[in-house]
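Protein chains in written order, with my numbering: chain A, 943 to 1316; chain B, 12 to 161.
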Amino acid sequence: MSVDYLHTHEILVNMGPQHPSTHGVLRLVVKTDGEWVTETQPYIGYLHRCAEKIGESVEYPQFVPYTDRLDYLGAINNNLCYCLAVERLAGIEVPERATYLRVIGAELNRIASHLISYGTFGMETGAFTPFFYGFRERETILSIFEKWFGARLTYHLCRIGGVMADITPEIAQDIRDFIKTMRAVWDDYNTLLSFNEIFVRRTADVGVIPPEMAIEYGLTGPCLRGSGVKWDLRKNDPYCFYDTFDFDIPVGEGLMGTVGDSWDRYWVRMREIIESTKIIEQALDRMPEGAIRAKVPKILKLPKGEVYVRCENPRGELGFYLVSDGGTKPYRLKIRAPSFCNLSITNAICKDCLLADVIVIVGSIDIVLGEVDR
Amino acid sequence: MRRPKNKVAEYFVNIYRSLATIAAGMGVTIKVFFQKPVTLQYPDELPVIEEAFRGLHIYEQEKCIACEMCVKACPIDCISLQYEGKGKKARIKSYRIDYTKCLFCNLCVEACPTHCIKMGKEYNLCSYDRAGCVRELAEDIYSERSTVSE
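Take a look at the structure:
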């Protein structure tokens, strides 16, 4: 049956900047025809804090706490990437124990970030309960972090040349206990949300990104892997001994619908939680004794040159491009934020879908506005 | 997931699957119902603050040699230090930290050569006005009038 005669005038709807499901201050201008969306244009910049310019006006070690504020859900990964960039340009050798501690911190942080994504994605599809479950386990991670180095959100764990604090056997035991709990409750999570029929029908076949399109738009992280492309910087461009760890890279298989739909992206994140626990366990077993910080001069001057270092952030490829003119401050600092690139696909996949699907699609991309606007 | 091709069959399979998966989810919820709560009733029960917690600073004035290392290490210039003289004879007039700016990054603590500043366990930051967020940590024991006026 044709429904052409039902077409009405298009209406412009402003979703955001302050809307509970826009993950921050994102403004989506949605062109709708009734309930059908014909165009979705994201407007960004409400959380712009000149992070790159601040990076050029403070000294190298002083910018590390600012990187916490880019992607505030995966702060240790940001610290790590910036420290790796500075260390590569300065030629600083990081002690082995410090590297393993960084890996443990980064992977715990990745789990915490995916748990938030799990909770909020459930909320966006109308399920409120998973939110509490996600936050319950995240709280355990935050308690471990608090015991380890004393902060709960803006960690500042990685310092140039090492990490801030060492873990005691007690904290190591806490982490092992957490891994055990996480693996046990992971099945509960899936019973609650992943395989719930209503949730599956809301997310499967919605916002399908074909693999070619994902690569064209420069998507990275779970959004790219959800489309079936096996690309993970931890294996493809290894840093911090990631190539020596034994873990799988989950990719979307189209279990509930088409490859690359919202459910696949969500499922990749859920399976990454389990993969991260494997990495943490191996790192705890292999960690040698020794120093946690290399000797770094108090006034750090980098040689002339430029460096680009990329890391696998919970949301994709985070890159720091540093240009040094030989002084104590970088001449130029450019941040390649994964959320910013992932958001660019919004208009391409939020076409010819229902208004409620826009929320699901934006939720499945899992952006953090602190990183989009920087 | 396999879906039936017949429209009528799909309708009933949908209803069955929805109810079955919701019942399974309720099973998880009921299981938690018999566990101990993990939340704290905050103002009545206070959280245990760990030894390593990075809260409001603790300043030991007698150890301070007014070298300004913490002021230089601060990424956001939230520390202001006023003193007379240098080294062990330094007379600290005021040591103020602006907590509207402070990042709690611990860089000032690591820069201090005499370990006179460290991060404490206090976490109550709020105050009724903006001026209350600027905390004076030094006692002015040398001049007669206090600097904590206004």
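Quick reminder that beta carbons are idealized off the backbone N, C-alpha and C, glycines included.
query: Under a Cβ-count criterion, where at least 16 other Cβ atoms within 10 Å of its own Cβ denotes burial, should A:I986 be classed as buried or exposed?; result: buried
query: Taking buried to mean at least 16 other C-beta atoms within 10 Å of its own C-beta, is B:S160 buried or exposed?; result: Annotation note: pLDDT 48 at B:S160 (below 50); position unreliable, coordinate value reported separately. B:S160 should be labelled exposed.
query: Thinking just about the alpha-carbon of each residue, which of A:R1044, A:E981, A:I1058 and A:A1048 is nearest to the one in A:A1212?; result: In the sequence as presented, Ala is not what sits at residue 1212 of chain A; that position holds Met. Cα-wise, what sits closest to A:M1212 is A:I1058.
query: Report yes if the C-beta distance between A:E1066 and A:I1277 is below 8 Å; otherwise report no.; result: no
query: Would the beta-carbon of A:R1316 fall within 8 Å of that of A:A1290?; result: no
query: Please classify A:S1124: is it buried, with 16 or more other beta-carbons within 10 angstroms of its beta-carbon, or exposed?; result: Note that residue 1124 of chain A corresponds to Met in the displayed sequence, not to Ser. With 16 or more Cβ atoms within 10 Å of its Cβ, A:M1124 is classed as buried.
query: Quick check: what's the CA-CA separation for A:P1272 versus A:F1091?; result: 28 Å
query: Please compile the residues from chain A whose C-beta is within a distance smaller than 7 Å of the C-beta of B:E21.; result: Those within 7 Å of B:E21 in chain A number zero; the least Cβ separation is about 11 Å.
query: If the cut-off is 9 Å on Cβ atoms, which residues from the stretch 1198-1222 of chain A count as contacting chain B, listed in chain order?; result: M1198 and G1199
query: Which residues in chain B have a C-beta closer than 8 Å to the C-beta of A:H990? List them in chain order.; result: In chain order: nothing, as chain B lies at least about 18 Å away.
query: So, does the stretch 998-1017 of chain A touch the stretch 1067-1074 of chain A, judging by three or more C-beta pairs under 8 Å?; result: no
query: Mapping the DSSP letters down to three states, classify B:H68 as helix, strand or coil.; result: strand
query: Using DSSP with H/G/I as helix, E/B as strand and the rest coil, what is A:R991?; result: coil
query: Going residue by residue through the stretch 104-132 of chain B, where are the continuous beta strand (DSSP E) segments of at least 3 residues, counting only ones entirely within it?; result: 128-130
query: What would DSSP say about A:Q983, mapped onto helix, strand or coil?; result: strand
query: Here's a check: name, in chain order, each residue in its chain whose Cβ is nearer than 7 Å to the Cβ of B:E79, leaving out the five neighbours to either side.; result: L92
query: Once the 5 residues before and after A:H996 are set aside, which same chain residues still bring their CB inside 8 Å of it?; result: It should be noted that the sequence gives Ile, not His, for residue 996 of chain A. The answer, listed in chain order, is F1005 and Y1008.
query: Using a Cβ distance threshold of 8 Å, determine whether the stretch 1140-1158 of chain A contacts the stretch 1242-1252 of chain A, with at least three qualifying pairs required.; result: no
query: Looking only at its chain, what residues have a beta carbon closer than 6 Å to the beta carbon of A:D1299, apart from the 5 residues adjacent to it on each side?; result: V1148
query: Looking at chain B, is there any beta carbon in it that lies within less than 8 Å of the beta carbon of A:T980?; result: no
query: Per DSSP, A:M957 is paired with what?; result: A:L970
query: Tell me which residue opens and which closes the beta strand (DSSP E) that A:K1276 is part of.; result: P1272 to R1278
query: Please name the residue, chosen from A:N1051, A:K1122, A:W1205 and A:I1102, that lies closest to A:E1088 on a Cα-to-Cα basis.; result: A:N1051
query: In the stretch 92-120 of chain B, which residues sit with their C-beta less than 9 Å from some C-beta in chain A, listed in chain order?; result: L114, F115, C116, N117 and L118
query: When the cut-off is 8 Å and only beta carbons count, does A:T1270 lie next to chain E?; result: You won't find chain E in this structure, because its protein chains are A and B.
query: For A:V1105, write down the residues that DSSP places opposite it in a beta bridge.; result: A:C1100
query: If contact means a Cβ-Cβ distance below 9 Å, which residues of the stretch 992-1017 of chain A contact chain B?; result: I996, V1000, E1001, P1003, Q1004, F1005, V1006, P1007, Y1008, D1010 and R1011
query: Assuming A:N1255 is part of the beta strand (DSSP E), what are its boundary residues?; result: G1247 to N1255
query: Return the chain-ordered list of same chain residues with a C-beta closer than 6 Å to the C-beta of A:Y1263, the five sequence neighbours on each side being excluded.; result: Y1250 and K1276
query: Are the C-beta of A:N1021 and some C-beta of chain B separated by less than 8 Å?; result: no
query: Which chain B residues sit within Cβ distance under 9 Å of A:H965?; result: Chain B residues near A:H965: none, gap ~23 Å exceeds 9 Å.
query: Which residues bound the alpha helix (DSSP H) around B:Q46?; result: Looking at the DSSP string, B:Q46 is not in any alpha helix (DSSP H), and its letter there is neither H nor E.
query: What three-state label does DSSP hand A:G1090 in the structure shown?; result: The residue you asked about is not Gly; residue 1090 of chain A is Trp in the sequence shown. It is helical.
query: If we cut at 8 Å on Cβ distances, does B:P86 have a partner in chain A?; result: yes
query: Per DSSP, B:E95 is paired with what?; result: B:R102
query: Whole angstroms is fine: what's the gap from B:T111's alpha carbon to B:R65's?; result: 16 Å
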